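Each residue of the sequence shown is one higher than the one before, counting from 10 in this note's numbering.
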Amino acid sequence: MLGAHRADVATAVVGELREVLLAPLGGRIVAKLADIVIVFLPVYIVVAVAVPDSFLTVLLATQVVLVVYETVLVAKTGATPGKRLARVKVVRVATGRPPGFTHAFIRAISSVPANLVPAVSALFDESTYRGGHDRLAGTVVIAA
């Protein structure tokens, strides 16, 4: 039963009726941020040299690399370097084992919209890179 709770700890039964602790939100955030940094910096450097001033190209290239990175690493071990740092891993609910290629790919590709949410609105106004939050507040970010 996924998401079952004891008094202070979220747990789930995975695999052969084994109860495990669910990763805390903080650990998930640390893992995601670490993985984004690990992937984004090299991609940004390569793309910035190849296609200067292309926010969209950097964004799309980062998402492609993130999908490959997450799929390959999570498929076999259930963890990326960021997940290892945060001491969390991904397992199949049915088995308690790493997800394998198909499930890791489905997980990685379906996370792309969530990865893009903060940046998607900036794509609609490339002249100022104003996101939805800037337009709603009537603001723009400038150099100091």
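Backbone N, C-alpha and C define an ideal beta-carbon position, used for all residues, glycine too. This one's a predicted model, so the numbers in the text were calculated from it and none came from an experiment.
Distance, residue j Cα to residue i Cα
i	j	result
Ile47	Ala117	16 Å
Arg106	Val74	24 Å
His14	Arg101	Only weak support is given to the placement of His14: the predicted model assigns it a pLDDT of 42, under 50, and the question is left unresolved by the model.
Gly91	Val67	21 Å
Phe110	Val83	8 Å
Gly36	Ala103	23 Å
Thr89	Val58	27 Å
Val56	Ile38	26 Å
Pro33	Ser119	21 Å
Val52	Val60	11 Å
Leu42	Gly87	17 Å
Chain C within 8 Å of residue i, Cβ atoms only
i	result
Ile38	Of the protein chains in the structure, only one exists, and it is not chain C.
Span of the alpha helix (DSSP H) around residue i
i	result
Leu42	34 to 59
Spatial neighbours of residue i in its chain, beta-carbon cut-off 6 Å, leaving aside the 5 residues before and after
i	result
Phe114	Thr80
Ala156	Residue 156 cannot be examined here, being either before or after the span of the chain that is shown, 10 to 153.
Option in the options with minimal Cα separation from residue i
i	options	result
Leu31	Ala103, Val97, Thr104	Val97
Leu125	Pro108, Val99, Gln72, Ala40	Gln72
Ile45	Val77, Gly87, Asp62, Thr86	Val77
Lys85	Leu94, Pro108, Ala70	Pro108
Pro122	Val99, Ala88, Leu69, Pro33	Leu69
Sequence-distant residues of its chain with Cβ nearer than 7 Å to residue i (five each side left out)
i	result
Arg27	Gly105
His142	Only weak support is given to the placement of His142: the predicted model assigns it a pLDDT of 44, under 50, and the value that follows is read from those uncertain coordinates. Here the set comprises nothing.
His112	Arg101
Near the ligand ZN: residue i beta-carbon under 7 Å from a heavy atom
i	result
Phe114	The ligand ZN is not part of the structure shown, which contains no ligands of any sort.
Unbroken stretches of the alpha helix (DSSP H), 4 residues or longer, contained in the region 63 to 125: Unbroken alpha helix (DSSP H) stretches of 4 residues or longer found wholly inside the region 63 to 125: 64 to 86, 90 to 95, 109 to 119, given in chain order.
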